Amino acid sequence: MITQESTLADVCFAVSAALEAHGMSAVLTGGSAAALYAPQAYMSDDADFVLDADGSLAEVAVALEPTGFRRDGCNVR
C-alpha cells in the first residue's frame with residue numbers, strides 16, 4: 008500500500024508490480040525516471056508511466072486499487 012510516507016521509488020515499484028501482476032507492461036518516463044536515475048540532479052513529485060496494454064482505464068484502475076490508488080473520473084489518482 009502506498010502511503011504519504013512512501014518515497015518516489017516506493018511508489019514506482021508498487022505501481023510497476025501491480026500493473027505487472029495484471030499482465031500490463033509499463034515504462035517509467037519523464038521527470039520521475041530522471042529523478043530515480045540521477046537523484047542529485049533532478050527532483051520530481053509525480054510518476055509518469057507509459058503502458059503497453061490493450062486494457063481500458065477501468066482495468067488499470069482495478070490493477071492499481073490494491074496500492075491505494077482510486078479512479079477519479081478520467082484519471083487514476
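All the letters of the sequence shown, read from the start, carry residue numbers 8 to 84 under the numbering used here.
For glycine and all other residues, C-beta sits at the position ideal for the given N, C-alpha and C.
Predicted, not measured: the structure shown is a model, and the values here were computed from it.
Kindly provide the ranges of any alpha helix (DSSP H) runs that are 4 or more residues long and lie completely inside the region 14-64, ordered along the chain.
15-28 and 37-44
Gln68 vs Phe76 beta-carbon contact at 9 Å:
Residue mapping note: residue 68 aligns to position 61 of the sequence shown, counting from 1. Residue mapping note: residue 76 aligns to position 69 of the sequence shown, counting from 1. At residue 68 the sequence reads Ala, which differs from the Gln that was named. Yes, the Cβ-Cβ distance between Ala68 and Phe76 is below 9 Å.
Please confirm whether Gly37 and Asp52 have their CB atoms less than 9 Å apart.
On the sequence shown, residue 37 is found 30 positions in, with the first residue counted as 1. On the sequence shown, residue 52 is found 45 positions in, with the first residue counted as 1. No.
Where does Ala24 land, buried or exposed, given buried means 16+ other C-beta within 10 angstroms?
Counting from 1 along the sequence shown, the entry for residue 24 is found at position 17. Classification of Ala24: exposed, given that the 10 Å Cβ count is below 16.
In angstroms with no decimal places, state the Cα-to-Cα distance between Leu61 and Leu43.
As a working mapping, residue 61 is identified with position 54 in the sequence shown. As a working mapping, residue 43 is identified with position 36 in the sequence shown. Per the sequence shown, residue 61 should be read as Asp rather than Leu. The alpha-carbon atoms of Asp61 and Leu43 are separated by roughly 28 Å.
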